[in-house]
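A.B. asks:
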Amino acid sequence: MAHQIIGVGAAEAEHYAHHHDHKHDHGHDHSHFHEHASSAANAARSATFWLFLTFAGGILVLTSYYIQWFSPVIETVDELGRVTETYQYQFHMDLVAAVGALLLAFRIIGYALRNLLSGHMHMDELVALAIVASIGIGDYRAAGVIGFFLLLSEIVETRTAIGARASIEELIRLTPKTARLITPQGEREVEAVSLQKGQRVRVLPGDNVPADGVVVSGESTINQANITGESLPVDKHPGDPVFSGTSNLTGALEVEVTRVGEETTLGKVQELILAAERTRIPIMRLIDRYVGWYTPVILMLASLVLFFTKDDNGMYRAITMLVASCPCALIMATPTAMVAGLSCAARLGILIKDVTHLEGAGRLNAVVFDKTGTLTTGELSVTRLIPLEGVDGADLLATAASAELQSNHPAARAINDVAREANVGVARPEKFEEVAGRGVVAQVGGAEVLVGREMFLRERGVDTTIAASVVEQIEGMSQLYVARGGRVLGVVGLEDRTRHAAREAVDELREIGMRRVAMLTGDRQGVARRVAAEMGCTEFKADCLPQEKLDLVEQMKREGYRVVVIGDGVNDAPALAAGDLGVAMGAVGSDVAINSASIALLNNDLTRIPFLIRLSRATRRVVVQNLVFGVLFVVTVMALGAFDVIRPTLAAALHTASTLVVVFNSARLVRFGEEKQTHEQMMHGASVAPARA
45 MAHQIIGVGA
55 AEAEHYAHHH
65 DHKHDHGHDH
75 SHFHEHASSA
85 ANAARSATFW
95 LFLTFAGGIL
105 VLTSYYIQWF
115 SPVIETVDEL
125 GRVTETYQYQ
135 FHMDLVAAVG
145 ALLLAFRIIG
155 YALRNLLSGH
165 MHMDELVALA
175 IVASIGIGDY
185 RAAGVIGFFL
195 LLSEIVETRT
205 AIGARASIEE
215 LIRLTPKTAR
225 LITPQGEREV
235 EAVSLQKGQR
245 VRVLPGDNVP
255 ADGVVVSGES
265 TINQANITGE
275 SLPVDKHPGD
285 PVFSGTSNLT
295 GALEVEVTRV
305 GEETTLGKVQ
315 ELILAAERTR
325 IPIMRLIDRY
335 VGWYTPVILM
345 LASLVLFFTK
355 DDNGMYRAIT
365 MLVASCPCAL
375 IMATPTAMVA
385 GLSCAARLGI
395 LIKDVTHLEG
405 AGRLNAVVFD
415 KTGTLTTGEL
425 SVTRLIPLEG
435 VDGADLLATA
445 ASAELQSNHP
455 AARAINDVAR
465 EANVGVARPE
475 KFEEVAGRGV
485 VAQVGGAEVL
495 VGREMFLRER
505 GVDTTIAASV
515 VEQIEGMSQL
525 YVARGGRVLG
535 VVGLEDRTRH
545 AAREAVDELR
555 EIGMRRVAML
565 TGDRQGVARR
575 VAAEMGCTEF
585 KADCLPQEKL
595 DLVEQMKREG
605 YRVVVIGDGV
615 NDAPALAAGD
625 LGVAMGAVGS
635 DVAINSASIA
645 LLNNDLTRIP
655 FLIRLSRATR
665 RVVVQNLVFG
675 VLFVVTVMAL
685 GAFDVIRPTL
695 AAALHTASTL
705 VVVFNSARLV
715 RFGEEKQTHE
725 QMMHGASVAP
735 ARA
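For the record, in the sequence shown the residue sitting at position 358 is 402 according to the working numbering, with numbers rising by one throughout.
1. Can the beta-carbon of T400 be found less than 7 Å from the beta-carbon of V526?
2. Counting C-beta neighbours from all protein chains within 10 Å, is the total for H699 16 or more, i.e. buried, or is it exposed?
3. Could you spell out the range, first to last residue, of the beta strand (DSSP E) harbouring R531?
4. Tell me which residue opens and which closes the beta strand (DSSP E) that T420 is part of.
5. Which residue wins for smallest C-alpha separation from G188, given the options V367, L297, G163, Y131?
6. On the premise that L395 lies in contact with D624, defined as a C-beta separation below 8 Å, what is that separation, rounded to the nearest angstrom?
7. Pop quiz: L432 and A455 are said to be a contact at Cβ under 8 Å. What is the actual Cβ separation, rounded to whole angstroms?
8. Could you tell me how far apart the beta carbons of L104 and V140 are, in whole angstroms, since I believe they sit closer than 8 Å?
9. Give me, in chain order, the residues of the same chain whose beta-carbon lies closer than 8 Å to that of P473; leave out the 5 immediate sequence neighbours on both sides.
10. For K221 and L239, I'd like the C-alpha separation in whole angstroms.
11. Are three or more beta carbon pairs between the region 703-716 and the region 375-385 nearer than 8 Å?
12. Taking the CB atoms as reference points, tell me whether G393 and L646 lie closer together than 7 Å.
13. Can you round the beta-carbon distance between M521 and T427 to whole angstroms, since I take them to be within the 8 Å contact cut?
14. Report the rounded CA-to-CA distance for P692 versus G191, giving the unit in angstroms.
15. Rounded to the nearest angstrom, what separates T380 and V672 at their Cα positions?
16. Quick check: the Cα distance between G717 and R464, rounded to an integer number of angstroms?
17. By the DSSP assignment, the beta strand (DSSP E) with K475 in it spans what residues?
18. What is the DSSP secondary structure of Y133, counted as helix, strand or coil?
19. Pick from A621, L589, P249: whose alpha carbon is nearest that of G566?
20. Where does the unbroken alpha helix (DSSP H) through N611 begin, and where does it stop?
21. Considering only C-alpha positions, which residue in the set N267, D256, V349, A576 is nearest to G283?
22. By the three-class DSSP mapping on this structure, what secondary structure does N647 have?
23. Below 8 Å on the Cβ atoms is my guess for N357 versus D688; work out the distance and round it to an integer in Å.
24. Once the 5 residues before and after Y605 are set aside, which same chain residues still bring their CB inside 8 Å of it?
25. Which same chain residues, not among the five before or five after I657, have their C-beta less than 7 Å away from its C-beta?
26. Check whether the Cβ atoms of L650 and A619 sit closer than 7 Å, and answer yes or no.
27. Could you tell me the distance, in whole angstroms, from the CA atom of G530 to the CA atom of G505?
28. Quick one: Cα of N292 to Cα of G250, how far?
29. Only counting runs of 3 or more residues, tell me where the beta strand (DSSP E) segments fall wholly within the region 516-595, in order along the chain.
30. Looking at S660 and L402, is the spacing between their C-beta atoms short of 7 Å?
31. Among V714, F677, S347, I690, whose alpha-carbon lies nearest the alpha-carbon of V705?
32. Over what stretch of residues does the beta strand (DSSP E) that includes G690 continue unbroken?
33. Between the C-alpha atoms of L146 and T663, what's the straight-line distance to the nearest angstrom?
34. Is T418 closer than 7 Å to I653 when the C-beta atoms are compared?
35. For Q268 and L148, I'd like the C-alpha separation in whole angstroms.
36. What three-state label does DSSP hand A410 in the structure shown?
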């Protein structure tokens with residue numbers, strides 16, 4: 045039966061299913077961001093109303109049984125000597141049961157009639173027909189019990205549906221309703237939905253951040269577990285991004301708003317959840333295709349039983365079959381498991397755009413990593429400093445840092461960071477020139493300083509052969525030569541550090557059946573070889589252009605592999621799109637990452653990938669269990685009804701029990717992966733643990 049019977053009407057269902065691809069004006073974005081929350085609340089209120097009527101009808105039917113139990117039995121003997129037993133309060137019993145049955149049947153029969161009048165045949169008509177038949181033969185209590193248990197099943201289904209929207213509502217509640225807007229006249233409290241890009245707000249300790257933005261002034265610790273799944277809070281300084289709905293723990297911050305409403309990271313999370321809900325996996329589409337034949341076949345079987353039954357229980361047998369045939373457990377088998385799987389993934393910062401991706405992840409057998417920003421942090425750090433003979437290490441570092449002081453290149457920042465940590469004096473260059481992708485030329489203390497690749501120095505007339513012996517010591521690292529006054533002082537070795545737990549993730553992937561683990565990079569051969577060996581990748585390819593990455597993925601697919609591509613979603617977007625599954629790392633605040641992949645990780649924990657594959661396999665197992673149980677239940681209970689083993693009231697009770705079995709079986713998935721910390725544990729850990737760099 046459809047969710048519409050209990051409180052979630054067709055219009056509401058259409059609203060939920062609506063794909064929001066139309067363009068919004070600025071004001072609409074804000075109100076629309078909260079629209080799903082109010083819709084979920086309205087649906088919940090409607091469901092509560094019908095829940096009240098359901099229990100009111102159930103109490104009346106139960107009262108009818110109580111009247112029977114306390115009613116004196118009157119025996120009458122007819123002319124043939126046959127004894128008939130009736131109850132003294134038979135009229136009262138029937139009246140109370142009839143009122144209860146009508147309360148319970150009203151919604152079901154009304155919805156079935158609307159379906160028939162609109163030319164659509166669903167499975168709801170089977171239950172409606174069973175109730176009408178029970179009323180027709182005067183068994184009001186049977187009609188009431190059937191209606192009560194069927195509506196009870198619908199309440200479970202509807203609560204599941206509303207729960208999915210309520211999870212979005214919980215996300216939206218994280219965004220405060222008001223914000224402290226900073227104006228030339230001072231601070232004033234405004235509606236958070238009225239914030240505009242470029243405005244500044246103050247976020248005090250204990251407040252939730254009202255919109256995505258950048259810290260302008262102040263320092264604090266932010267708990268962003270609800271967005272990224274990080275178990276520890278993150279220190280925030282001027283220039284750092286903050287996200288809507290995250291919690292400010294310690295200091296006051298002044299934040300410049302960069303994104304509002306649906307544009308925020310929280311808004312993207314909401315839209316991804318809704319998009320995933322709208323999709324249907326192949327088994328669901330298969331059920332949809334044959335559902336039109338189901339009701340006529342069941343009606344034909346019930347009619348045959350009624351026609352060929354020789355005793356007085358033929359009508360009861362047919363009614364029992366109609367009640368048992370309503371396949372709520374079968375219908376809920378897949379959606380409940382998928383919703384539970386999506387919820388489990390989202391709790392750990394894994395956003396899945398389409399449930400088909402969750403279903404298909406378990407069949408993957410090859411993985412392709414992009415190196416920079418995926419297996420590595422994408423941030424260079426100085427790991428070796430090798431001065432030539434007669435050169436002081438501090439002098440080498442000071443010279444390189446001074447020459448690179450005005451450069452924004454990651455290597456320049458890494459060198460200056462080390463110089464600051466070592467308390468080495470850095471002089472501002474008198475002249476500075478940066479040659480893109482090659483190096484820098486600066487004048488420091490009256491001498492010309494060159495910092496860059498070996499070829500860059502050679503082109504400038506510097507003899508680099510003197511450094512050949514030391515270069516071997518930093519094979520596999522990025523190398524920067526430093527020369528002053530035409531003489532090489534030494535070489536700086538830099539590394540893009542591998543991510544924490546990256547090797548653990550690669551080992552896990554191999555354990556769960558990844559037959560090929562490849563790494564692609566645009567970096568040099570030596571660097572690629574070092575990282576591949578450190579990560580345990582069975583194959584790698586260096587000096588790759590985006591097209592070459594794409595070609596390798598397509599070649600693996602032609603060889604019969606089901607490939608997952610994992611990258612940062614920027615320079616590897618074609619490869620991400622070409623894989624059977626594309627996973628974008630570090631998707632917080634990144635439009636490109638969220639749009640270029642099937643799945644987006646809101647944090648950079650690579651162990652989420654093997655977890656996702658395990659979750660997919662567990663979800664498929666639960667779906668199969670639910671489907672097998674649903675089919676066996678319908679067939680078994682229909683057969684028992686046809687042979688007059690059970691009555692309609694028991695069939696209705698079993699129907700409700702079967703729905704609960706499916707729901708609880710699927711709910712096990714929500715607790716899947718508890719070793720990676722539940723959301724509550726993350727929040728608790730974040731609130732008590734100190735922030736670490």
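Virtual Cβ for every residue (Gly too), placed ideally from N, Cα, C. Only a predicted model underlies this, so the values are computations on that prediction, with no experimental measurement involved.
C.D. replies: In brief:
1. Translated into positions along the sequence shown, residue 400 becomes position 356. Translated into positions along the sequence shown, residue 526 becomes position 482. No, Cβ-Cβ distance for T400 and V526 is not below 7 Å.
2. Locating residue 699 in the sequence shown gives position 655, counting from the first residue. When all chains shown are included, H699 counts as buried.
3. Here residue 531 refers to the residue found at position 487 of the sequence shown. Note, R531: beta strand (DSSP E), 531-542.
4. Taking the first residue of the sequence shown as 1, we reach residue 420 at position 376. 420-431 is the span of the beta strand (DSSP E), which, as asked, contains T420.
5. Walking along the sequence shown from the start, residue 188 turns up at place 144. Minimum Cα distance to G188 is reached at V367.
6. The residue given as residue 624 occupies position 580 in the sequence shown. The residue given as residue 395 occupies position 351 in the sequence shown. With 8 Å as the limit, D624 and L395 do not qualify as a contact, their Cβ atoms being about 18 Å apart.
7. For the purposes of this step, residue 432 is taken as residue 388 along the sequence shown, with counting starting at 1. For the purposes of this step, residue 455 is taken as residue 411 along the sequence shown, with counting starting at 1. Not confirmed; about 20 Å, so no contact.
8. Looking up residue 104 in the sequence shown gives position 60. Looking up residue 140 in the sequence shown gives position 96. At roughly 5 Å, the Cβ-Cβ gap stays under 8 Å, so L104 and V140 are in contact.
9. Within the sequence shown, numbered from 1, the residue matching residue 473 stands at position 429. Closer than 8 Å at the Cβ level, and outside the excluded window around P473, lie S446, A447, L449, Q450, A486, Q487, V488, V493.
10. Translated into the one-based positions of the sequence shown, residue 221 becomes position 177. Translated into the one-based positions of the sequence shown, residue 239 becomes position 195. Their backbone Cα atoms lie some 11 Å apart in a straight line.
11. yes
12. For this step, residue 393 is matched to residue 349 along the sequence shown. For this step, residue 646 is matched to residue 602 along the sequence shown. Closer than 7 Å, so yes.
13. Residue mapping note: residue 521 aligns to position 477 of the sequence shown, counting from 1. Residue mapping note: residue 427 aligns to position 383 of the sequence shown, counting from 1. Contact flag correct, Cβ pair sits at about 6 Å.
14. Taking the sequence shown and counting its residues from 1, the one referred to as residue 692 is at position 648. Taking the sequence shown and counting its residues from 1, the one referred to as residue 191 is at position 147. Straight-line Cα distance between these residues: approximately 11 Å.
15. Here residue 380 corresponds to residue number 336 of the sequence shown, with the count starting at 1. Here residue 672 corresponds to residue number 628 of the sequence shown, with the count starting at 1. Looking at the two C-alpha atoms, the distance is approximately 15 Å.
16. Here residue 717 corresponds to residue number 673 of the sequence shown, with the count starting at 1. Here residue 464 corresponds to residue number 420 of the sequence shown, with the count starting at 1. Looking at the two C-alpha atoms, the distance is approximately 42 Å.
17. By 1-based counting over the sequence shown, the position of residue 475 is 431. Element bounds for K475: 475-479.
18. Along the sequence shown, one-based indexing puts residue 133 at 89. Correct three-state label for Y133: coil.
19. Taking the first residue of the sequence shown as 1, we reach residue 566 at position 522. Nearest of A621, L589, P249 to G566, Cα basis: L589.
20. Locating residue 611 in the sequence shown gives position 567, where the first residue counts as 1. For the sequence presented, residue 611 should be read as Gly rather than Asn. That residue, G611, is in no alpha helix (DSSP H); its beta strand (DSSP E) goes 607-611.
21. Here residue 283 corresponds to residue number 239 of the sequence shown, with the count starting at 1. Comparing Cα-Cα distances from G283 to each of N267, D256, V349, A576, the minimum goes to D256.
22. The residue you call residue 647 lines up with position 603 of the sequence shown. In this structure, N647 counts as coil in the three-state DSSP scheme.
23. In the sequence shown, residue 357 corresponds to position 313, counting from 1. In the sequence shown, residue 688 corresponds to position 644, counting from 1. About 5 Å separates the two Cβ atoms, so the contact holds.
24. One-based indexing of the sequence shown puts residue 605 at position 561. For Y605, where only same-chain residues beyond five positions count, the Cβ hits under 8 Å are N409, A410, R559, R560.
25. Taking the first residue of the sequence shown as position 1, residue 657 is located at position 613. The answer, listed in chain order, is A405, G406, L408, I556.
26. On the sequence shown, position 606 is the one that residue 650 refers to. On the sequence shown, position 575 is the one that residue 619 refers to. Not in contact: L650 and A619 (Cβ atoms no closer than 7 Å).
27. For this step, residue 530 is matched to residue 486 along the sequence shown. For this step, residue 505 is matched to residue 461 along the sequence shown. The straight-line gap from Cα to Cα measures roughly 7 Å.
28. Within the sequence shown, numbered from 1, the residue matching residue 292 stands at position 248. Within the sequence shown, numbered from 1, the residue matching residue 250 stands at position 206. Each residue's Cα considered, the two are about 5 Å apart.
29. 522-528, 531-542, 560-564, 583-585
30. Numbered from its first residue, the sequence shown carries residue 402 at position 358. Numbered from its first residue, the sequence shown carries residue 660 at position 616. Their beta carbons are under 7 Å apart, which means L402 touches S660 by this criterion.
31. Here the question's residue 705 lines up with position 661 in the sequence shown. Looking at the Cα atoms, F677 is the closest of the given residues.
32. Here residue 690 corresponds to residue number 646 of the sequence shown, with the count starting at 1. Just to set this straight, residue 690 is Ile in the shown sequence, not Gly. Neither: I690 is in no beta strand (DSSP E) and is coded neither H nor E.
33. By one-based count along the sequence shown, residue 146 stands at place 102. By one-based count along the sequence shown, residue 663 stands at place 619. Distance between the alpha carbons of L146 and T663 is about 40 Å.
34. Numbered from its first residue, the sequence shown carries residue 653 at position 609. Numbered from its first residue, the sequence shown carries residue 418 at position 374. Contact flag unset, no.
35. For this step, residue 268 is matched to residue 224 along the sequence shown. For this step, residue 148 is matched to residue 104 along the sequence shown. Their Cα atoms are separated by approximately 46 Å.
36. The sequence position of residue 410 within the sequence shown is 366, counting from 1. Looking at A410 - three-state DSSP - the assignment turns out to be strand.
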